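Colleague: Please see the structure below; I have some questions.
Residue numbers (the UniProt record's numbering): 1 to 359.
This is the structure we're talking about:
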């Protein structure tokens, strides 16, 4: 079967995006690469999104629409994977847009570079357009897992599955699916699980995906929400990173990983202090005790160094000394300063589905 005949399944979960879903579907339909199927999963929308999907399906036989009760984006993507028949899998959000040649470039790159995963650049679109590019190069699985964690230029490329092309054979052979308990971060864990089974990953220096960033008055999407318990995911992410490595990291590589981890963990703990009312009814000291006694946190705190003199010297020490009761007042103080400087987000919820979602 020739390259141009390999079918690509483009999976698009849809939930209450009636003002934008038509644009998303049209950009998928208008791909220069014609061998595609577009799978739209209407995840219990209460607006006209489902009707719009059906209208487009009448226009193009390559479109398949599935209507289901609301279960979240991960469950919707998983349903799309169950229905997909293509050799390759591409994901897209229903309020975004893809370049006319995106699928063509991704299929070409995965074939020419004998890769199992291709990752392209993307643009954040709001009042201005900010492009996130990467160099053209190949990575082994171990190289990608390491560099995408510690390299601030590569890390953003690994936080979404929408700027990638996957092989369905790998997904099905290893029974890979998105974790439905998470309300954010599900992409990076799915990609980690997938990369583990890759021989080679290729990064493409082309900006082919547009993420639309909306003002709160225009649209409340998943990225509109702030999660004060993100620190739990930071630990989970680190654990999964180590679990998916097929070889041990060297001492210097390990230091870089732990440095990157502590940077984001401390920031998440400061956010925890700023949104202390979110944790009403919960024992915050007990939460902090779980964190500071976690084996990976213990190891990371031993090698951590402040990246800037302005950063707290006390917080890392209290984490290293495993003193949660003394740590809490410092987090509350730093958290208040953070809120004074940046303001409080209007939409707040747990990172976990079914947990407390409102302050």
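No residue lacks a Cβ here, since even glycine has one placed at the ideal position from N, Cα and C.
Here the structure is a predicted model, which means the values were calculated and not measured.
Could you tell me if residue 203 is buried or exposed, where buried requires 16 or more neighbouring beta carbons within 10 angstroms of its beta carbon?
Modeller: Within the chain shown, residue 203 is the residue found at index 203, counting from 1. Buried.
Colleague: Output needed for residue 197: all residues of its chain with C-beta closer than 6 Å, excluding positions within five of it in sequence on either side, in chain order.
Modeller: Within the chain shown, numbered from 1, the residue matching residue 197 stands at position 197. So the list reads 170, 174, once near-sequence residues are dropped.
Colleague: Output the boundary residues of the beta strand (DSSP E) element that contains residue 210.
Modeller: On the chain shown, position 210 is the one that residue 210 refers to. From DSSP, the beta strand (DSSP E) with residue 210 extends over 201-212.
Colleague: Between the Cα of residue 83 and those of 341, 65, 186, 295, spot the shortest distance and give me the residue it belongs to.
Modeller: Residue 83 sits at position 83 when you count from the first residue of the chain shown. Residue 65 is the option with its Cα nearest to residue 83.
Colleague: For a quick check, are the C-beta atoms of residue 209 and residue 96 less than 8 Å apart?
Modeller: As a first step, residue 209 must be located in the chain shown, where it is residue number 209. As a first step, residue 96 must be located in the chain shown, where it is residue number 96. Yes.
Colleague: Cβ of residue 163 within 8 Å of Cβ of residue 138?
Modeller: One-based indexing of the chain shown puts residue 163 at position 163. One-based indexing of the chain shown puts residue 138 at position 138. In this structure, residue 138 does not lie closer than 8 Å to residue 163 by Cβ.
Colleague: CB residue 28 to CB residue 41, shorter than 8 Å?
Modeller: Here residue 28 is taken as the residue at index 28 of the chain shown, counted from 1. Here residue 41 is taken as the residue at index 41 of the chain shown, counted from 1. Contact: no.
Colleague: For a test of the three-state rule: what should DSSP assign to residue 153, helix, strand or coil?
Modeller: Walking along the chain shown from the start, residue 153 turns up at place 153. Of the three classes helix, strand and coil, the one that applies to residue 153 here is coil, per DSSP.
Colleague: Just list the residues that DSSP pairs residue 68 with in beta bridges.
Modeller: What you label residue 68 is simply residue 68 of the chain shown in a count that begins at 1. Note: residue 68 sits in a beta bridge opposite 43.
Colleague: On the premise that residue 89 lies in contact with residue 178, defined as a C-beta separation below 8 Å, what is that separation, rounded to the nearest angstrom?
Modeller: Position 178 of the chain shown, counting from 1, holds the residue named residue 178. Position 89 of the chain shown, counting from 1, holds the residue named residue 89. With 8 Å as the limit, residue 178 and residue 89 do not qualify as a contact, their Cβ atoms being about 12 Å apart.
Colleague: For residue 295, count neighbouring Cβ atoms within 10 angstroms of its own Cβ and tell me buried if that reaches 16, exposed if not.
Modeller: Position 295 of the chain shown holds residue 295. Its Cβ having fewer than 16 others within 10 Å, residue 295 is exposed.
Colleague: Any heavy atom of the ligand NAD within a distance shorter than 7 Å of the CB on residue 250?
Modeller: Inclusion of the ligand NAD in the displayed structure is not the case, the ligand content being empty and no account of it being possible.
Colleague: Within 10 angstroms of the Cβ of residue 334, are there 16 or more other Cβ atoms? Answer buried if so, exposed if not.
Modeller: Translated into positions along the chain shown, residue 334 becomes position 334. Counting Cβ neighbours within 10 Å, residue 334 comes out buried, since at least 16 surround it.
Colleague: If you follow the alpha helix (DSSP H) that residue 163 is in, where does it begin and where does it stop?
Modeller: Position 163 of the chain shown, counting from 1, holds the residue named residue 163. Careful: residue 163 lies outside any alpha helix (DSSP H) and carries neither H nor E.
Colleague: Quick one: is residue 141 buried, meaning 16 or more other Cβ sit within 10 Å of its Cβ, or exposed?
Modeller: Position 141 of the chain shown holds residue 141. It counts as buried.
Colleague: Does the beta-carbon distance from residue 195 to residue 201 come in below 8 Å?
Modeller: Counting from one through the chain shown, the residue named residue 195 turns up at place 195. Counting from one through the chain shown, the residue named residue 201 turns up at place 201. Result yes, Cβ atoms of residue 195 and residue 201 sit closer than 8 Å.
Colleague: If residue 184 and residue 126 are in contact, beta carbons under 8 Å, what's the gap, nearest whole angstrom?
Modeller: Taking the chain shown and counting its residues from 1, one reaches residue 184 at position 184. Taking the chain shown and counting its residues from 1, one reaches residue 126 at position 126. Incorrect: roughly 19 Å between the Cβ atoms, too far for contact.
Colleague: With DSSP as the reference, please indicate the residues paired to residue 137 in a beta bridge.
Modeller: In the chain shown, counting from the first residue as 1, residue 137 sits at position 137. According to DSSP, residue 137 bridges with 203.
Colleague: Roughly how many angstroms separate the alpha carbons of residue 303 and residue 319, rounded to a whole number?
Modeller: Locating residue 303 in the chain shown gives position 303, where the first residue counts as 1. Locating residue 319 in the chain shown gives position 319, where the first residue counts as 1. Whole-angstrom Cα-Cα distance: 12 Å.
Colleague: For the segment 98-116 against the segment 57-73, do three or more pairs of beta-carbon atoms, one drawn from each stretch, fall closer than 8 Å, so that the two count as touching?
Modeller: These segments do not touch.
Colleague: Need the endpoints of the beta strand (DSSP E) that residue 129 sits in, please.
Modeller: Taking the first residue of the chain shown as position 1, residue 129 is located at position 129. Residues 129-132.
Colleague: Buried or exposed: which applies to residue 242, given that a residue is buried once 16 or more other Cβ atoms fall within 10 Å of its Cβ?
Modeller: Residue numbering aside, residue 242 sits at position 242 when the chain shown is read from its first letter. Looking at its Cβ environment, which holds fewer than 16 other Cβ atoms inside 10 Å, residue 242 is exposed.
Colleague: Tell me which residues share the same chain as residue 135 and place their Cβ nearer than 8 Å to its Cβ, disregarding the 5 neighbours each side in the sequence.
Modeller: Here residue 135 refers to the residue found at position 135 when the chain shown is read from its first residue. If we look at residue 135 and ignore the five residues flanking it on each side, its Cβ neighbours are 203, 205.
Colleague: Determine the burial state of residue 31: buried for a count of at least 16 other Cβ atoms within 10 Å of its Cβ, exposed for fewer.
Modeller: Taking the chain shown and counting its residues from 1, one reaches residue 31 at position 31. It counts as buried.
Colleague: Look up residue 120 in the DSSP assignment and give the residues it is bridged to.
Modeller: Within the chain shown, the letter at position 120 stands for residue 120. Partner(s): 204.
Colleague: Do residue 331 and residue 272 come within 8 Å of each other at the CB atom, strictly closer than that value?
Modeller: In the chain shown, the residue the question calls residue 272 occupies position 272. In the chain shown, the residue the question calls residue 331 occupies position 331. Result yes, Cβ atoms of residue 272 and residue 331 sit closer than 8 Å.
Colleague: Kindly identify the DSSP beta-bridge partner or partners of residue 37.
Modeller: Working through the chain shown from its first residue, we reach residue 37 at position 37. Bridge partners of residue 37: 9.
Colleague: Let's see if you can read the secondary structure: which residues bound the beta strand (DSSP E) around residue 90?
Modeller: Locating residue 90 in the chain shown gives position 90, where the first residue counts as 1. First-last of the beta strand (DSSP E) with residue 90: 88-91.
Colleague: Could you tell me the boundaries of the alpha helix (DSSP H) in which residue 108 lies?
Modeller: In the chain shown, the residue the question calls residue 108 occupies position 108. Start and end: 102-112.
Colleague: Which residue's Cα is closest to the Cα of residue 61: 34, 77, 44?
Modeller: The sequence position of residue 61 within the chain shown is 61, counting from 1. Closest by alpha carbon: 34.
Colleague: Put residue 182 into one of helix, strand or coil per three-state DSSP.
Modeller: Mapped onto the chain shown, residue 182 falls at position 182. It is a strand residue.
Colleague: Can you tell me whether DSSP reads residue 125 as helix, strand or coil?
Modeller: Translated into the one-based positions of the chain shown, residue 125 becomes position 125. Here residue 125 sits in strand by DSSP.
Colleague: Among residues of its own chain, excluding the 5 on either side of residue 351, which ones have a beta-carbon nearer than 7 Å to its beta-carbon?
Modeller: Walking along the chain shown from the start, residue 351 turns up at place 351. If we look at residue 351 and ignore the five residues flanking it on each side, its Cβ neighbours are 182, 183, 184, 185, 227, 229, 230, 232, 233.
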